[in-house]
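Residue numbers (the working numbering), protein chains in the order written: chain A, 758 to 1108; chain B, 758 to 1108; chain C, 758 to 1108; chain D, 758 to 1108.
So this is what it looks like as structure tokens:
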């Protein structure tokens, strides 16, 4: 395919440009007879939307979801769910300056190289706005996973070099950066505001913990559960890396240290991060993604225009100085999509 | 699918268990009229095979490839290439002890949980032996990529905590660990031998550099080039993480530091690792994978048997104390498969 | 997938129920830089819409298309086209009577068996209304095929046992049944009106002729061009059979009669219908589909309700006594979708 | 994909040329824990093999199957089954004469147009020999379907214009043409032998009846059960058409005649052929395929060579004057593959 679909038995297809008329998603393969409504989905949309705090862009996208198909009398029917969000408050004027220049860190150059044409307004299809459809679809998957006893929780563990020292799950949604350590959160927010004032941006690390997945989920050899989760996460624009369990640290460990032993109660450790041989072990699935600093900064940067002439550019407009807090619900959504898909694939294999 | 196929327009499907009669691969979507023979493929097989040095298992797999279809008078015909390797020198006796126990770090437990049955001999389908088919198919992709002016080179940058300080490409195939720094290689080998004597194992980091990819390759939004490369690499058993360009280090950088500027000559840096917005920039594509320590160690480990009773286990048999040198050709093969597939998808989109 | 997507490199995904809020389609894999607008698509929608003549239902669906993404300044950008049609003039009251009974010939029973729940309003997802999205997407494919010099034309050749004796292509759109023989059309219309008055319906045969396809299009062995066309046509609700070239008549011919010979000018006959070995010959691709009589009739019929109790039912509401004239544009749309997809796949194979 | 795979959750990929070293198939998505062996598969292979009677080619292909993976101690493990048949008794000399000429009715011309190169020996990949892998995989699907209580039976109903008047299921495998009417079989065989002596060939019609499929199998809207069966059957080289239930005859029926009513006992007729709205009704699934006369005849035919020069050609070698009896097991195999795939997809949807 051309790349706008994800999943196999639980499959989503997204559409829409940042400053087009709407963005949205078709969700195919939804189990019938499940109660779900727009309010349930809206909860996740609101976690992703801009303007939530001092550290997110004041831009208002009005992420109000409408379900136009697949629901009858409050229940899913097994036919495709279509979810749409109409765009509003688009100030294309903000972007006119960059119509003919390539913003450093953005996909302006690569899109033009690939397609020979691009909708530059608000980054068009390459905008983070595209993830709105993912989060809406992810909420549908989350609802199905709830029926399976699976929960998915992501949170910031590091921003601008400041790391969380504690894991206080109940505090995650209580601070603007969705950090698992409220003390670290305070320093992270201060750092972000300082950088925002300087016209700069920073990155961070987001961790995701998936609980309640029975052993046996995942399809060897290519569609390993961690392989599909890796693809899902790297398909998020700002993500530059992923690791599972001990991850990169495993490269410096000994087999005698890294191997997860077992006793009558189950695994005695979880260095593997809940997946061995591409199949869930029954333990928590733990992954971390590296989030790059937001590309849009107002500091002057060296670039060229579409004619190849050098120029400096300042990315005006309203942007997130750190995207971590808004990536958290996107990471959760992608994890939900992968898990629900693999649960259905396991059912097909066993049938 | 059930997970044994990879790729879309250039697609491989593998089969085979470690101690079954054979392993192999069907390669579909091969450009017709390309000259390729078994000798060309064998070169890559020999880089993957065991018994290459003191730091690899002495086990002989006789990785001799036979092409049984898709070639006529030395050229590809556009029909599926079928490549098979018959298994030999299988000492299933070595594995009888672990028929009823779960080896720590291995997929014994998860396979049994998933399928309710498993071929324990030599780890069955979960064995690294499965990658033989990938390397054979990857060689076919490599040949097609040569015609596109693309080269793919992987090498070890760290083993057991010992890091390469220099990048000497011509030295990679000259040392047993395929390290890019011959001095570091000497210390890595000593470390591996020391651990092997102790019945332990270690991990490392393998980097892959892809040169010559024109700008515009990769399919947003889900099939980003880095997303598909991430899936490809995480589908390799021992890989626990991946990063592109500055990777995890980007999480501590500022936007003003990380953004790759441009001048009349092109990009002035490559922090992105050759991919922006999921599409190739034209610069080198650079990725690194975290390789966990080999699970098979002869030190006693705590585990349970299939009846849930606790026991200690020593994984006997012949194993690699560090898998990095043999993962290098597998990483290259997977990268070749992803690239060739995306070149074909770009052609379809433009058509 | 769950079955709501079609195509591989040119791929559509449809959504929507007959009496839901909207129906529509996402078209992925559209060649960038192509000029297309809503007016071009509307022409095909108007050929499919109800209320075109005395032989089609007076129901008004207001098939007005809106393109909400994938177009920038009048040209395709290579990102997904999203096309939506909002539903209006829905008289669900018409259907309340059949909420708890299974209409003979309709998918009421099978949908309930499959999903355990159904949206009975206007047949929900099983309604012919679903084909609106196909026709809209087919128009996009048609535009791309125009650039390839390919034309697709379907027409009625038989209705209610009345057959066309002549082929007058310029007359097809000039009569209410889209027959290629205007004299036969007069008799067909009279027959349909007679049956409509009697509360009954009839079927017919629609032929499709595809011109300008170069030799070499089609992917052996499973994705043969005729195999994919057959799937495409049988995915249309009322179609019960398909044949290519001489079709079923070939079963009574001799090899010496059926084989298409060649001379310096090319093939001397086209019994194969333009496809041999699943690959286009360069000749016209000719196929015929069998259209069953419309299931909705107002004559009393024997059926059971959802409790299994026997009852008679009259399908009230506004229906087409013969669906052939409105299936013509759907057949063309599906043919366009298959062709464009295979042109792109051929480009990928050759790349 | 390039077209050599079929199915989604139960997926096969075939390889091999007629005069290459082997043909075979990888079967992915096999339910684990099922007892199956080569002898079970061989039964179906023997029904497809040449040399079974006076009306089939004396060519011996030695269709002996070997399963090289996916089985452990007599049971499937859930990993890919690999089944191979090595080619023998290849008389390429028979074909040297047609290396540079296009045989009427064969894919010689279209393959060369598509790929720019072709393996002409025994028709290469376009040979009926390719179906050996399908029949082997179909046998695996048949075994899984047995556990579901589903049976698939195909038989000849017409050859050379001679039609079966009776349906005697127990007689199908008792006559050389696999006709359901032994009296008609006698005349069919005489007709075939007469045509063979004259150096000509003939076609026929094969019907397939699938029993025991529960209601609810099939995936609207594009992957309707009949749509996928149509693709499966049209992917068989000699098939030129397909119809379900009343099929083309439905085009001349009235709605009041064609609609299948229901009473307390279920459907009172089966004009639909067991599928409504693309979903199984629970009744027998009945389809018929049109088989063209064998292309290979020894009568002189007009053609051109690869240089475009006109010439006459006689297709020497050993061929089937009528392929119907050998297509019967292929039709059954394809039906089994579609059904097993859809059963697994239904399980995924419901999960």
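For every residue, glycine included, the Cβ atom is placed at its ideal position computed from N, Cα and C. Just so we're clear, the structure is a prediction, and the values are computed from it rather than from any experiment.
Determine the extent of the alpha helix (DSSP H) in which residue 799 of chain D is found, giving its start and end residues. On the fourth chain, residue 799 of chain D is found 42 positions in, with the first residue counted as 1. Secondary structure note for residue 799 of chain D: its alpha helix (DSSP H) is the uninterrupted segment 795-805.
Range of the contiguous alpha helix (DSSP H) that encloses residue 1068 of chain A: On the first chain, position 311 is the one that residue 1068 of chain A refers to. Element bounds for residue 1068 of chain A: not the alpha helix (DSSP H) but the beta strand (DSSP E), 1067-1070.
Indicate the three-state DSSP secondary structure (helix, strand or coil) for residue 839 of chain A in the structure shown. For the purposes of this step, residue 839 of chain A is taken as residue 82 along the first chain, with counting starting at 1. Strand.
In chain order, what residues of the same chain lie with their CB nearer than 6 angstroms to the CB of residue 1025 of chain D, ignoring the 5 residues before and after it? The sequence position of residue 1025 of chain D within the fourth chain is 268, counting from 1. Excluding sequence neighbours, residue 1025 of chain D sits near 1018.
At the 8 angstroms Cβ level, is residue 766 of chain D part of the contact set with chain F, yes or no? The structure shown has no chain F; the protein chains it does contain are A, B, C and D.
For the stretch 1048-1062 of chain C against the stretch 992-1007 of chain C, do three or more pairs of beta-carbon atoms, one drawn from each stretch, fall closer than 8 angstroms, so that the two count as touching? yes
Helix, strand or coil for residue 941 of chain D, going by three-state DSSP, please let me know. The residue given as residue 941 of chain D occupies position 184 in the fourth chain. In the structure shown, residue 941 of chain D sits in a helix (DSSP, three-state: H, G or I).
Cβ of residue 995 of chain D within 8 angstroms of any chain A Cβ: Here residue 995 of chain D refers to the residue found at position 238 when the fourth chain is read from its first residue. With 8 angstroms as the cut-off, residue 995 of chain D does not count as an interface residue toward chain A.
Any Cβ of chain B within less than 8 angstroms of the Cβ of residue 1013 of chain A? Translated into the one-based positions of the first chain, residue 1013 of chain A becomes position 256. Yes, residue 1013 of chain A counts as interfacial toward chain B.
For residue 969 of chain A, does the three-state DSSP call read helix, strand or coil? As a first step, residue 969 of chain A must be located in the first chain, where it is residue number 212. Here residue 969 of chain A sits in coil by DSSP.
Would you kindly work out how many angstroms separate the C-alpha atoms of residue 867 of chain D and residue 808 of chain C, rounded to a whole number? Counting from 1 along the fourth chain, the entry for residue 867 of chain D is found at position 110. Counting from 1 along the third chain, the entry for residue 808 of chain C is found at position 51. Each residue's alpha carbon lies about 44 angstroms from the other.
Touch test, the stretch 960-968 of chain B against the stretch 1070-1090 of chain B, Cβ-Cβ under 8 angstroms, three pairs minimum: yes
When we look at the beta-carbon of residue 859 of chain A and count the other beta-carbons within 10 Å, is it buried (16 or more) or exposed? The residue given as residue 859 of chain A occupies position 102 in the first chain. It counts as buried.
Whole angstroms are fine: how far does the CA of residue 1087 of chain D sit from the CA of residue 1102 of chain A? As a position in the first chain, residue 1102 of chain A is number 345, starting the count at 1. As a position in the fourth chain, residue 1087 of chain D is number 330, starting the count at 1. Linking residue 1102 of chain A to residue 1087 of chain D through their CA atoms gives a straight-line distance of about 28 angstroms.
Please list, in chain order, the chain D residues whose beta carbon lies closer than 9 angstroms to that of residue 992 of chain B. For the purposes of this step, residue 992 of chain B is identified with residue 235 of the second chain, where counting begins at 1. Chain D residues near residue 992 of chain B: none, gap ~15 angstroms exceeds 9 angstroms.
Selected residue, minimal CA-CA separation from residue 793 of chain B, among B:780, B:893, B:885: Residue 793 of chain B sits at position 36 when you count from the first residue of the second chain. Ranking the options by Cα distance to residue 793 of chain B, first place goes to B:893.
If the cut is a Cβ gap below 7 angstroms, which residues of chain D does residue 1008 of chain C touch? Mapped onto the third chain, residue 1008 of chain C falls at position 251. Within 7 angstroms Cβ-Cβ: 915, 960, 961, 962, 1047, 1048.
Select from D:831, D:771, D:990, D:861 the residue whose C-alpha is nearest the C-alpha of residue 1067 of chain D. Position 310 of the fourth chain, counted from the first residue, corresponds to residue 1067 of chain D. Ranking the options by Cα distance to residue 1067 of chain D, first place goes to D:861.
Could you tell me whether the stretch 885-905 of chain D touches the stretch 778-790 of chain D, where touching means 3 or more Cβ pairs closer than 8 angstroms? yes
Going along the chain, which unbroken runs of the beta strand (DSSP E) with 3 or more residues stay wholly within the stretch 962-1014 of chain A? 996-1001, all fully within the stretch 962-1014 of chain A.
Could you work out which residue in C:776, C:1042, C:911, C:916 is closest to residue 927 of chain C when comparing CA atoms only? Residue numbering aside, residue 927 of chain C sits at position 170 when the third chain is read from its first letter. Taking only the C-alpha atoms, the option nearest residue 927 of chain C is C:911.
Note down the Cα distance separating residue 876 of chain C from residue 883 of chain C, rounded to an integer number of angstroms. Position 119 of the third chain, counted from the first residue, corresponds to residue 876 of chain C. Position 126 of the third chain, counted from the first residue, corresponds to residue 883 of chain C. Put simply, the backbone Cα of residue 876 of chain C is about 9 angstroms away from that of residue 883 of chain C.
For residue 758 of chain C, return the contacting residues in chain A, with the cut-off set at a CB-CB distance below 8 angstroms. Locating residue 758 of chain C in the third chain gives position 1, where the first residue counts as 1. Chain A residues near residue 758 of chain C: 765, 766, 768, 785, 786.
On the DSSP letters alone, give me the boundaries of the beta strand (DSSP E) that residue 769 of chain C sits inside. The count along the third chain starts at 1 and reaches residue 769 of chain C at position 12. Taken as a continuous stretch (DSSP letters only), the beta strand (DSSP E) holding residue 769 of chain C covers 768-773.
Answer with buried or exposed for residue 856 of chain C, where buried requires no fewer than 16 other C-beta atoms within 10 angstroms of its C-beta. Stepping through the third chain from its first residue, residue 856 of chain C is reached at position 99. Exposed, because fewer than 16 other Cβ atoms sit within 10 Å of the Cβ of residue 856 of chain C.
Closest Cβ-Cβ distance between residue 761 of chain B and chain A: below 8 angstroms? As a working mapping, residue 761 of chain B is identified with position 4 in the second chain. When Cβ-Cβ separations below 8 angstroms define contact, residue 761 of chain B makes contact with chain A.
Counting contacts by CB-CB distance shorter than 8 angstroms, is residue 839 of chain A in contact with chain B? Here residue 839 of chain A refers to the residue found at position 82 of the first chain. Output row for residue 839 of chain A: interface = no.
Short CB-CB distance (under 8 angstroms) between residue 874 of chain B and chain D: Taking the second chain and counting its residues from 1, the one referred to as residue 874 of chain B is at position 117. It does: the Cβ of residue 874 of chain B has a partner Cβ on chain D nearer than 8 angstroms.
Against chain B, which members of the stretch 885-918 of chain D pass a CB distance test of less than 7 angstroms? none
Taking the beta strand (DSSP E) that residue 916 of chain B belongs to, which residues open and close that run? As a first step, residue 916 of chain B must be located in the second chain, where it is residue number 159. It spans 908-916 - the beta strand (DSSP E) in which residue 916 of chain B sits, taken as one unbroken run.
Does residue 797 of chain B come within less than 8 angstroms of chain A when only Cβ atoms are used? Here residue 797 of chain B corresponds to residue number 40 of the second chain, with the count starting at 1. No, because no Cβ of chain A sits closer than 8 angstroms to the Cβ of residue 797 of chain B.
Give a yes or no on whether the minimum CB-CB distance between residue 777 of chain C and chain A is below 8 angstroms. Taking the first residue of the third chain as position 1, residue 777 of chain C is located at position 20. True, the Cβ-Cβ gap to chain A drops below 8 angstroms.
Chain-ordered neighbours of residue 856 of chain B on chain D, where CB pairs are closer than 9 angstroms: To locate residue 856 of chain B, count along the second chain from 1; it is residue 99. Those do not exist, as residue 856 of chain B stays about 11 angstroms from chain D at its closest Cβ, beyond 9 angstroms.
Cα separation between residue 764 of chain A and residue 1075 of chain B? Within the first chain, numbered from 1, the residue matching residue 764 of chain A stands at position 7. Within the second chain, numbered from 1, the residue matching residue 1075 of chain B stands at position 318. Looking at the two C-alpha atoms, the distance is approximately 39 angstroms.
Residue closest to residue 803 of chain D, alpha-carbon to alpha-carbon, out of D:830, D:789, D:842: Your numbering for residue 803 of chain D matches position 46 in the fourth chain. The shortest C-alpha separation from residue 803 of chain D is found at D:842.
So, is residue 774 of chain B buried or exposed, given that buried needs 16 or more other C-beta atoms within 10 angstroms? Against the second chain, residue 774 of chain B aligns to sequence position 17. So residue 774 of chain B ends up on the buried side.
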